[in-house]
Amino acid sequence: MKEKSKVNGKPSLLGPFKAIKYLFKKPVTLRYPFELKEPSLRCRGFHLNDWDKCTGCGNCADICPNEAVTMVEIPEIEAKPGEKNERPQIDYGRCCFCGLCVDICPPGSLRLSRDYFHIHFKTSTFNLLAKDEKIDKEHFLPADKYSVFKASLAHRKKDNEGFSSELKYSLFEPKRVSMPQVKPEERKLSFVEQVLGYSKEEAKQEASRCLECKLCEDACPAHLKISDYVRAIYEDKPDESLRKIFEDNPIPAICGRICMAHCEDACSLGKRGEPVAVRWLKRYASDMIEDYKKTLRLKPAKSIDKKVAVIGAGPGGLSVAYFLRLKGYTVTVFDSLPGGGGMMRIGPPPYRLPIESIDKDVSHIASLGVKFRFNTTVGKDILFEDIYKNYDAIHLGIGMTVSHSTRVKNSEKAYLALQFLQENKIGKKVKVGKEIIVIGGGNVAIDVAREALRLQHIQYPEEKVITKTVSLEDWDIMPATKEEIEDAKAEGIQFNPGWGPKEIKIEDSKVKGLLCIKVKSVFDEQRRFRPTFYEEKEMFLKGDMVIEAIGQGPNFSFIPKELFKKLEFTPRRKIKVTEFGQTSIPKVFAGGDIVNLNLDAITAIADAKRAAEGIDLYLKGN
Amino acid sequence: MRELELYFGPQHLGMVGNFSITLKVEGDQILEAHANPGWLHRGFEKLMEYRTWIQNFPLVCRINVIEPDSMEMVYAMAVEKLAKIEVPERANYIRAIVLELSRLASHLFGCWAYANMLGFDTVAQWAMYHRDLILDLFEQLTGARVYHIYICPGGVRRDLPEGFKEKALNTLHTIGGCIPDYDATFFNNRLFYERAKGIGKITREEAKELGVTGQILRATGINFDIRKVEPYAVYDKVDFEIPTREDGDAYSRVWIIRDEMIQSVHTIMQCLEKIPEGEVYKRVPNPFKWNIPKGETYVRVESSRGELGLYMVSNGKDKPYRVHFRTPSYPHGLLVLEKLLKNASIADVGNIMISLYVTAPEIDR
Amino acid sequence: MNKLKKELKSSFKGIRTGILEDNRLAVSAPKDAVLPILSFLKNKGYEHLSLISCVDWIEEKELELVYVITSYLQKNDEYADNERLHILLKTRISRENPEFKTLVPIFKNAEPYERELHELFGINFEGNKRLTPLLLERAYKIPPFRKDFNTREYVKEKFDKISFVEEKKNERA
Chain A
206 MKEKSKVNGK PSLLGPFKAI KYLFKKPVTL RYPFELKEPS LRCRGFHLND
256 WDKCTGCGNC ADICPNEAVT MVEIPEIEAK PGEKNERPQI DYGRCCFCGL
306 CVDICPPGSL RLSRDYFHIH FKTSTFNLLA KDEKIDKEHF LPADKYSVFK
356 ASLAHRKKDN EGFSSELKYS LFEPKRVSMP QVKPEERKLS FVEQVLGYSK
406 EEAKQEASRC LECKLCEDAC PAHLKISDYV RAIYEDKPDE SLRKIFEDNP
456 IPAICGRICM AHCEDACSLG KRGEPVAVRW LKRYASDMIE DYKKTLRLKP
506 AKSIDKKVAV IGAGPGGLSV AYFLRLKGYT VTVFDSLPGG GGMMRIGPPP
556 YRLPIESIDK DVSHIASLGV KFRFNTTVGK DILFEDIYKN YDAIHLGIGM
606 TVSHSTRVKN SEKAYLALQF LQENKIGKKV KVGKEIIVIG GGNVAIDVAR
656 EALRLQHIQY PEEKVITKTV SLEDWDIMPA TKEEIEDAKA EGIQFNPGWG
706 PKEIKIEDSK VKGLLCIKVK SVFDEQRRFR PTFYEEKEMF LKGDMVIEAI
756 GQGPNFSFIP KELFKKLEFT PRRKIKVTEF GQTSIPKVFA GGDIVNLNLD
806 AITAIADAKR AAEGIDLYLK GN
Chain B
75 MRELELYFGP QHLGMVGNFS ITLKVEGDQI LEAHANPGWL HRGFEKLMEY
125 RTWIQNFPLV CRINVIEPDS MEMVYAMAVE KLAKIEVPER ANYIRAIVLE
175 LSRLASHLFG CWAYANMLGF DTVAQWAMYH RDLILDLFEQ LTGARVYHIY
225 ICPGGVRRDL PEGFKEKALN TLHTIGGCIP DYDATFFNNR LFYERAKGIG
275 KITREEAKEL GVTGQILRAT GINFDIRKVE PYAVYDKVDF EIPTREDGDA
325 YSRVWIIRDE MIQSVHTIMQ CLEKIPEGEV YKRVPNPFKW NIPKGETYVR
375 VESSRGELGL YMVSNGKDKP YRVHFRTPSY PHGLLVLEKL LKNASIADVG
425 NIMISLYVTA PEIDR
Chain C
22 MNKLKKELKS SFKGIRTGIL EDNRLAVSAP KDAVLPILSF LKNKGYEHLS
72 LISCVDWIEE KELELVYVIT SYLQKNDEYA DNERLHILLK TRISRENPEF
122 KTLVPIFKNA EPYERELHEL FGINFEGNKR LTPLLLERAY KIPPFRKDFN
172 TREYVKEKFD KISFVEEKKN ERA
């Protein structure tokens, strides 16, 4: 459509008088400040920050194009894994109200309000530690107490949220790249490795999600340089990534599969989305490199004429050996198993951690010149006294190798978890029943249950088989990781949470089932493990095999009595060590499950790194 | 008569914006004019080399205060071309709506400036009020009135809010309904006609030679509009016309602005009608790890003043290697202005300058 | 596009052409060929010089001049298959001795662009009579848009020397 205008001929002189009609119309202007216009719901004004949700990750400060945001340390806030004690402070002399900080905020705590007035003579008042009405009751006022004449950064309206974070429009990617896995129906039939590993493109894409706030590095017991090695993967340099990993962790193929991934719990992206798959990325880096030695070219320092004995070739022992070997010491590792890995060798079933991956890490450490003496049980094949005499320092990384029993009636008829796992992984396979009951709610119990299920499918093809678990803990406090529980459920394992074992029923010296009683509570007021039961509520589970997986303890029987007496323990029955892993016997250092409460590989590695420093200092005479 | 040198601006009642002209005058006739930009040179192109792709996006809109959206658009388009990002269809519609709204706001602002300059204060107040209604729409949609920071690489930052369509239609009807009043008091006003007719006349050949685009070019009869020549957003899917005139003087330029406002109103209504459901934002990579592959591109959009182009080079890093804006006011405010002022009278300096629709911040960048 | 490419290649020696995308043709030419190519293109109907830009390739010690030319016509009869063609004509000149010939005789509107590049990159356009300051008010040791001019360092050097003015103590609260 086209309006024809008067191009030819001159326009009229009288036309403009048409405007006179506006004299009789109401004015369109507002009589400010008596009449106010409400700012829009998306108004980008001053910041609001929910301190409970804020993790102090500092992404807002990193993205700010004007460097208006600084992270300020707040002494009242306690820093913990996944939360720094820093909060953003905004300089309104610099802020351009673009709201990028809101769109990058992973927990969504930072928002913009609809206030935009601030007049003051002091420039210092233009720096604002962003808070919201939740913790700042003084400066946020309800509508009836608020006056526009006093409006400033210290006089703001309550519940006046404007531009806020929406996950759909966030600058970070909340979804992780899904890991290709073997389907539950297929994987439960054999011991094939469940997780297939990222391809190059998938790994790069997953690595690109990392915002590099480094909350994970604080949370990791061994403080791996996670953001650096993830960035190296993003830049398609797996060798550099691996080099970064090896600074703190010499067993990435193992950790890349079974690490408890405290980093992922701390990841700021996990607050509203899925955390970066740090563990799978580590696995990718180690899988990408065929031969660590060729790529990394690590060389031990000049030889030092001191000998160190490492007892136990678990993650801790391997790491101590690696760190000390790089420093130039002569290191010998003793282990009763036929290969390295310790608990890693017997514990995690092959579908989670294949033996080849363990051997890849162990053989690299061996190639650096660490001497391994496998199939050597200390106390039987070699005496601890001899080691104590012949070596300059000893590291104990013996782990928890004795399975606890429930000690209920007929419990001697039950299998113990470690025995079961070990026989299946490195011995001959156990003959399993058709209906198996696993007692326990931890990761070991789930490993046992899933392994038992696979054995059932192999030994009774095409037949109906059942594996069920019984645990004291209910769903909400079950110690096993969510991921494991979900995987187990998908494979068809039945769970009976909140039940305690009472008796294993026997008929004709054959297991018939397990009698359970309902759990009232698991912990007492001091959060100590002290289960109570409703004695009258009973349940009978049918089954022809019972496996107990309720925890393990250490075995110190190889240490001679007079030495053992000198060894001090903490109230929680752990070996007492200094910050460098030194026990009360100066020559003996310790780490791993016998020292810490985390009971996992990465904490053992962290202990080992400190112990290696300690042994180094000790042997150098400091 | 004596030859004098007269400094016109940057502090001068007849000057809109931070711009100055040095005039060589004899009596009230201008012998020679030298445009003197740079009062607002902030070195944006250099600053952008220091910021990441995402950090640049709140910056670009500041190059032109009056019409920030086409700046955002051209930046987003260049980044999308280099990074090979496809924008969702709904986002393209919203972009077109935003761009047309901002064209409308800019033209109204231009009407204010011109009317104010020539003493038609009533019209100026109306234009300012109607522009404010559009800013209200912008506030509702983007959260800010002037620097919207809304069209981002990958789409737009938020979907249309609830009730936006009704409110937008309401505003458009209000503005469209006032066009007859504008006509009577301003565009078809005899006083205005006498003041603008024949002023600042430029021929088709001269315009081509000086690299002129936008209304100034269309006022000489060349039907050249990038929305038609090289459609972006959804301009190939909506029906609108490009008004042209033959005279090439200030009067026809202003009439083109008026006709374009009507076209804009119709375009926005069509977009609001046709807009499909769907996503409005395709997530761009993590801003801390976004490296755009090596490459270069030149993209252009039709801003309210003419061809707005952006030459961008990436060297594969997380920041642009070089950006260079080709702003429409650049040829208009320098060469064309100097040419038109020659032999004009002092009283017409502001008149000519505003009829060229020059915005100083665009020249300086 | 291909027709034009062939024609360019046959008429001028030593030029490289590449297609960027969407009818954007990039032509790299040796220094001497630039002006003839531009006037050749102007005669072909590409009479709108959109932009002259410059990129500082500091590692290669070269400055790259970029001429963006297109047509005012919606359809160019001779090359109807590729209407709306942008041509990016690029040439490299030495960074140490940045000299080039002016384009003003062919495209009048090259003048302010050349002034700007002279000011921001220190390129001397031989034949342009008006290489006077355009945007900047003071002279810089290094032309400020070159890559070795670090704005942050410059700001530090220039403004950190200015002492901070204390707020008055008896100011109003």
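In the order they appear, the protein sequences are chains A, B and C.
In terms of the numbering used here, the first sequence opens at residue 206 and continues consecutively.
In terms of the numbering used here, the second sequence opens at residue 75 and continues consecutively.
In terms of the numbering used here, the third sequence opens at residue 22 and continues consecutively.
Ideal placement from N, C-alpha and C gives every residue a C-beta, glycine not left out.
Considering only beta carbons, the part of the region 140-168 of chain C lying closer than 7 Å to chain B consists of Leu-155, Leu-156, Leu-157, Glu-158, Pro-165 and Phe-166, in chain order. Contact between Leu-486 (chain A) and Ala-408 (chain A) holds: CB atoms are separated by about 6 Å, below the 8 Å threshold. Within 10 angstroms of the beta-carbon of Phe-769 (chain A) lie fewer than 16 other beta-carbons, which makes it exposed. Non-local beta-carbon contacts of Phe-251 (chain A) in its own chain, meaning distances under 6 Å to residues more than five positions away in sequence, involve Ser-318 and Asp-320 in chain order. DSSP places Phe-266 (chain B) within a helical segment (H, G or I) once states are collapsed to three.
Around the CB of Lys-419 (chain A), 16 or more other CB atoms lie within 10 Å, so the residue is classed as buried. At a cut-off of 7 Å, the C-beta of Lys-179 (chain C) has no neighbouring C-beta in chain B.
Taking a cut-off of 8 Å for Cβ pairs, the region 130-145 of chain B and the region 168-182 of chain B touch, as three or more such pairs fall below it. By the C-beta density criterion, Asp-729 (chain A) is exposed, having fewer than 16 other C-beta atoms within 10 angstroms. One thing to note: Val-382 (chain A) has its Cβ within 7 Å of the Cβ of Glu-411 (chain A).
Your pair Asn-290 (chain A) and Glu-272 (chain A) does not check out as a contact, with CB atoms roughly 22 Å apart and the cut at 8 Å.
Among the CB atoms of chain B, none fall inside 7 Å of the CB of Tyr-175 (chain C). Excluding the 5 residues flanking it on each side, Leu-155 (chain C) has same chain C-beta neighbours closer than 7 Å at Pro-133, Arg-136, Glu-137 and Glu-140, in chain order. For His-107 (chain C), no alpha helix (DSSP H) run applies; the uninterrupted beta strand (DSSP E) run containing it begins and ends at 107-115, by DSSP. Cβ proximity to chain B below 8 Å picks out Gly-367, Phe-368, Glu-371, Lys-373, Tyr-374, Ser-375, Leu-376, Phe-377 and Glu-378 from the region 367-397 of chain A. DSSP links Thr-196 (chain B) through a beta bridge to no other residue. Within the region 386-409 of chain B, contact with chain C at the beta-carbon level (separation under 8 Å) is assigned to Val-387, Tyr-395, Arg-396, His-398, Arg-400, Tyr-404, Pro-405, Leu-408 and Leu-409. Per DSSP, the beta-bridge partners of Asn-254 (chain A) are A:Leu-315. At least one beta carbon of chain B lies nearer than 7 Å to the beta carbon of Gly-220 (chain A). DSSP places Cys-265 (chain A) within a helical segment (H, G or I) once states are collapsed to three.
Closer than 7 Å to the CB of Ser-31 (chain C) there is not a single CB belonging to chain B.
Residue environment for Gln-344 (chain B): buried (at least 16 other C-beta atoms within 10 angstroms of its C-beta).
Looking at B:Pro-132, B:Ile-249, B:Val-410 and B:Thr-216, the one whose alpha-carbon comes closest to that of Glu-236 (chain B) is B:Thr-216. Rounded to the nearest angstrom, the gap between the Cα atoms of Val-397 (chain B) and Gly-39 (chain C) is 21 Å. In the structure shown, Met-744 (chain A) falls within a strand segment according to DSSP collapsed to helix, strand and coil. Inside the region 345-421 of chain A, DSSP marks whole alpha helix (DSSP H) runs of 4 or more residues at positions 389-392 and 405-412, from first to last along the chain. Among the bridge pairs identified by DSSP, Val-423 (chain B) is matched with none. At a cut-off of 7 Å between C-beta atoms, Asp-438 (chain B) counts as an interface residue with respect to chain C. Asp-267 (chain A) reaches chain B at Phe-362, counting residues in chain order whose Cβ is nearer than 8 Å. By the neighbour-count criterion, in which a residue is buried when 16 or more other Cβ atoms sit within 10 angstroms of its Cβ, Phe-183 (chain B) is buried. Residue-level contact check: Pro-126 (chain C) does not touch chain B, since none of the beta carbons of chain B fall below 7 Å from its beta carbon.
A Cβ-Cβ distance of about 5 Å is found for the pair Val-675 (chain A) and Asn-701 (chain A), placing them in contact under the 8 Å criterion. Out of A:Lys-779, A:Tyr-823 and A:Ile-810, the CA that lies nearest to the CA of Val-793 (chain A) is found in A:Tyr-823. The DSSP assignment places complete beta strand (DSSP E) segments of no fewer than 3 residues inside the region 111-188 of chain C at 120-122 and 145-147, in order along the chain.
Relative to Asp-299 (chain B), the option among B:Tyr-385, B:Ile-330 and B:Arg-357 whose CA is nearest is B:Ile-330. Against chain B, a Cβ distance below 9 Å from Phe-302 (chain A) picks out Pro-132, Gly-217, Ala-218, Tyr-221 and Ile-223.
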